[in-house]
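I have placed the structure first, in the form of structure tokens, so that the comments after it can refer back to it.
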Amino acid sequence: MPKETFNEKLIARLKTHSDFIDESGELLPAAVKDRAWHLDHNLIKLLLTDEDIKSIFFDEIEGHWVFNHNTFIDYITTKNFLANSYTQFRNKIGLNIDGKFLRERGEVSLVWPYKDCVLEGGQTKEEEKRKEIFFNEILAHDEINQMFDPKVLTNWKRHTVSGEQDVIDIQRDENGTIRENLIIKGNNLIALHTLKQQFRGQVKLIYIDPPYNPDSPSNTFMYNNNFKRSSWLTFMKNRLDIAKELLRNDGSIIVAIDENEQNYLGVLLDEVFPEREKHCITIIHNPRGVQGTNFSYIHEYAFFVIPKGKKIIGDRKISAEEITWNNFRNWGGESRREDAKNCFYPVIVENGEVVGFGDVLDDDKHPSGQTVTHGKRDFVYPIDQNMIERKWRYARQSVDEIKHLLRARETKTGYEIELGKNFGMYRTVWEDKRYDANIYGTQLVKSLVPDCKFDFPKSLWNVYDCLRSVIEDDKEAIVLDFFGGSGTTAHAVLEVNKDGGSRKFIISEQMHYVETVTRERVKKVIEQDSKGDFIYCELMQYNQTYMDKIQAAQSSEELVALWQDIAENSFLNWYVNAEVPEEAVNDFIAIDDLETQKHQLVELLDKNQLYVNLSEIEDVDFDVSAQDKALNREFYEE
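Just so we're aligned, residue 0 is where the sequence shown starts under numbering that gives the first Met the number 0, counting upward by one.
In structure tokens, the structure reads:
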């Protein structure tokens with residue numbers, strides 16, 4: 000076995016510190032160099048642990064070891080320091096600039112999924128631990144100029160109770176706001192920027208269930224969660240920043256999260272929404288529990304971020320056993336008949352049930368008792384045990400509205416009428432058998448879309464209650480979910496609308512199961528309800544097409560052929576060498592890791608050109624159809 004070289008030893012030692020490596024475990028020389036310039040104590044301690052390294056980069060002065068940072072920096076910046084195939088390839092095609100890997104310079108996080116072959120929503124069986132793997136690319140601000148411009152929307156279809164139809168027009172209200180249910184396929188960050196022109200300040204509620212950071216069977220979203228925490232927070236902040244622009248002044252956002260990222264997400268939400276107040280709710284969603292090292296987890300969290308100092312959260316409906324009952328008859332001060340004449344009338348009881356109400360009695364009419372029987376019916380008046388005529392708590396003209404909340408309790412002398420309170424303030428711990436994510440999530444989705452492959456969707460009623468708590472009194476609310484997943488949020492909006500509302504949903508999802516699960520589920524719900532419709536459309540792909548091809552490739556040979564195609568036919572980043580030199584191909588193949596090779600090709604592509612910009616809709620190279628042009632003009636009001 001060949002002896003480890005000094006170079007190899009130094010690199011291996013530096014890689015033991017998580018701050019000096021990227022998501023793939025590759026060394027980040029710029030990060031090491033920066034720490035050296037700042038005489039970082041952790042770096043110095045790391046270097047001192049090896050005698051050979053210490054002898055090269057430290058000078059002994061009167062028994063003390065002094066770090067020679069200039070020597071160290073000179074050494075790690077030489078071209079041969081990282082002379083492996085990975086680095087040589089990046090240097091030859093231009094993916095390193097000024098000695099820095101591009102991912103070291105960035106502030107905007109984009110994520111793309113790729114799989115062994117076919118892109119799906121998740122594992123076919125829970126025990127299969129095959130992962131959704133994501134390219135996570137961090138872009139510097141100087142690389143972003145057109146990425147957040149509006150994009151061309153294509154593949155428009157309206158889905159109704161009667162089936163799929165062409166989109167003829169786009170409905171708007173009297174203020175010009177689009178009033179359509181929308182499902183949009185495409186990168187959610189770019190989709191949010193595409194929506195901002197038409198929906199800025201129009202969204203009443205955002206509900207999202209983002210990918211959680213750790214890889215866990217309790218993860219409810221079929222993304223791979225192999226983010227470093229810093230990348231995950233960047234990923235979330237980018238999306239929350241633009242989503243905030245879409246909220247109304249009285250708008251709220253609800254974010255579902257697990258215990259691993261709860262604290263970090265809470266701090267981020269405080270940063271992005273300083274003008275709103277934040278509440279963390281615990282929801283028991285998996286009563287069977289997920290086995291941890293020390294505890295079995297049965298819950299998740301939901302952050303409610305709402306306007307400060309305002310009553311935003313409505314009342315919850317409570318179960319029959321929780322209902323509190325009080326006498327419907329007033330007592331105490333100002334409770335007599337003469338205090339409110341419209342409140343003295345009989346409550347009609349038949350077979351022990353409240354069935355109706357009589358007319359208000361004239362002032363000169365006085366019942367013979369509290370309960371007066373007429374045939375099969377008992378007429379109950381607000382008269383107390385001392386025969387004092389009092390009043391009911393509701394006037395005759397309004398009592399019919401709460402009839403369902405009244406009950407008749409039999410006594411020795413007749414009946415007492417009681418009013419039940421079937422609502423109450425939401426609590427900070429939610430527990431309901433309907434929140435079970437297996438029964439009302441997985442099983443429910445499979446009943447609607449039998450062939451779907453999507454594990455751990457949210458319980459419909461979990462999301463329903465979250466939405467209802469905010470938008471019950473706003474029957475025109477727009478609800479946005481830019482991590483659309485299996486379509487639970489869209490389903491929940493349709494369920495809330497059974498109160499006669501016309502609330503609208505906007506769903507964004509970038510993974511291909513948007514076509515096989517999300518869209519199909521919502522179609523099925525509309526068919527079952529015999530009511531409703533939605534528009535499906537997609538961000539028109541350009542470089543994203545090559546992203547999909549990279550995801551599907553299964554060999555280095557396929558990737559080399561694809562690289563040549565990309566060099567000839569796609570938009571490359573400005574700093575990338577458009578040629579495909581033979582020595583670079585050799586270095587690329589020598590990397591000998593398909594995942595790493597895919598990452599390299601992804602970085603060639605100009606992310607400003609993932610999708611076709613609206614400004615290029617007339618460019619003949621993109622071949623936008625006349626129908627798409629017309630619908631885009633209508634959507635963007637151009």
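Note that beta-carbon positions come from the ideal geometry of N, C-alpha and C, so glycine has one too.
Under a Cβ-count criterion, where at least 16 other Cβ atoms within 10 Å of its own Cβ denotes burial, should residue i be classed as buried or exposed?
i: V266; result: exposed
i: G483; result: buried
i: N329; result: buried
i: S485; result: buried
i: E567; result: exposed
i: H490; result: buried
i: S639; result: Limits of the chain in this structure are 0 at one end and 637 at the other, which puts residue 639 out of reach.
i: F220; result: Bear in mind that a pLDDT of 37 at F220, under 50, signals an unreliable position, so the number given afterwards is only what the model happens to contain. Buried: at least 16 other Cβ atoms inside 10 Å.
i: F634; result: buried
i: L42; result: buried
i: Q596; result: buried
i: K150; result: buried
i: T4; result: exposed
i: R251; result: Residue identity check: residue 251 is Ser in the sequence provided, not Arg. Flag for S251 reads buried.
i: F294; result: exposed
i: V428; result: exposed
i: F422; result: exposed
i: T370; result: buried
i: N585; result: exposed
i: Q626; result: exposed
i: N385; result: exposed
i: I167; result: exposed
i: R34; result: buried
i: A255; result: buried
i: R426; result: exposed
Along the alpha helix (DSSP H) that carries residue i, what are the first and last residues, could you check?
i: P210; result: Where P210 is concerned, there is no enclosing alpha helix (DSSP H), given that its DSSP letter is neither H nor E.
i: D51; result: E50 to F56
i: K644; result: Nothing about residue 644 can be reported from this structure: the residues present for the chain run from 0 to 637 only.
i: I189; result: N187 to F198
i: W36; result: P28 to W36
Under DSSP, the beta strand (DSSP E) around residue i begins and ends at which residues?
i: C279; result: R275 to I283
i: T323; result: T323 to N326
i: S485; result: Where S485 is concerned, there is no enclosing beta strand (DSSP E), given that its DSSP letter is neither H nor E.
i: V623; result: Element bounds for V623: n/a, residue is neither H nor E.
i: Q64; result: What sits at residue 64 in the sequence shown is Trp, not Gln. Residues H63 to F66.
i: S251; result: L246 to I256
i: D314; result: D314 to K316
i: H40; result: H40 -> not in any beta strand (DSSP E); alpha helix (DSSP H) instead, spanning H40 to L47.
i: K184; result: L181 to K184
When DSSP builds the beta bridges, which residues end up paired with residue i?
i: R408; result: E415
i: P306; result: R275
i: E567; result: The partner list for E567 (beta bridge, DSSP) is empty, contrary to what the question assumes.
i: Q540; result: Y610
i: E388; result: I382
i: I470; result: Its beta-bridge partners do not exist; DSSP assigns none.
i: L9; result: Partner(s): none; L9 has no beta bridge.
i: R335; result: R389
i: R376; result: E349 and H373
i: I477; result: K503
i: Q290; result: S295
i: Y263; result: DSSP lists no partner for Y263.
i: G355; result: I347
i: V202; result: L246
Please give me, in chain order, every unbroken run of the beta strand (DSSP E) with length at least 3 that falls completely inside the region 141-172.
Taking 3 residues as the shortest admissible run, the region 141-172 contains the following complete beta strand (DSSP E) segments, listed from N- to C-terminal end: 152-159 and 162-164.
Could you pull out every unbroken alpha helix (DSSP H) segment of at least 4 residues lying fully inside the region 420-444, listed in chain order?
List check, alpha helix (DSSP H) in window: nothing returned.
What residue ranges within the region 507-537 form continuous alpha helix (DSSP H) runs of no fewer than 4 residues, ordered along the chain?
Fully contained in the region 507-537 are the following alpha helix (DSSP H) runs of length 4 or more, in chain order: 518-528.
Inspect the CB distances between the region 378-387 and the region 279-288 and report whether three or more fall short of 8 angstroms.
Touching, no.
Inter-stretch contact at 8 angstroms, needing at least 3 Cβ pairs: the region 198-212 / the region 245-257
Taking a cut-off of 8 angstroms on C-beta distances, the region 198-212 touches the region 245-257, as three or more cross pairs fall below it.
Per the contact definition of three or more C-beta pairs closer than 8 angstroms, is the region 386-394 in contact with the region 325-343?
The region 325-343, when compared against the region 386-394, does touch it at the 8 angstroms Cβ threshold.
Just checking, does the region 605-614 make contact with the region 184-191 on the three C-beta pairs under 8 angstroms criterion?
With a cut-off of 8 angstroms, the region 184-191 and the region 605-614 count as touching, because enough Cβ pairs lie within range.
Are the region 532-539 and the region 155-162 touching by the rule of at least three beta carbon pairs closer than 8 angstroms?
Using a C-beta cut-off of 8 angstroms, the region 532-539 makes contact with the region 155-162, since at least three inter-stretch Cβ pairs fall below that distance.
Given 8 angstroms, three or more beta-carbon pairs between the region 309-317 and the region 462-471
Judged by Cβ distances under 8 angstroms, the region 309-317 makes contact with the region 462-471, as three or more pairs qualify.
For the region 16-28 and the region 47-54, state whether three or more C-beta atom pairs, one from each stretch, are separated by less than 8 angstroms.
A contact between stretches requires three or more CB pairs, one per stretch, nearer than 8 angstroms, and the region 16-28 fails this requirement with the region 47-54.
Under 8 angstroms, with one C-beta from each stretch per pair, do the region 302-311 and the region 264-278 reach the 3-pair mark?
Taking 8 angstroms as the limit for Cβ pairs, the verdict is that the region 264-278 does touch the region 302-311.
Any contact between the region 615-630 and the region 551-563? By contact I mean 3 or more CB pairs, one from each, below 8 angstroms.
The region 615-630, when compared against the region 551-563, does not touch it at the 8 angstroms Cβ threshold.
Take every Cβ of the region 496-504, pair it with every Cβ of the region 472-481, and state whether three or more of those distances are shorter than 8 angstroms.
The region 496-504 makes contact with the region 472-481: 3 or more CB pairs, one atom from each, lie closer than 8 angstroms.
Within 8 angstroms, do at least three Cβ pairs link the region 444-460 to the region 511-518?
A contact is defined here as three or more CB-CB pairs under 8 angstroms, and the region 511-518 meets this definition with respect to the region 444-460.
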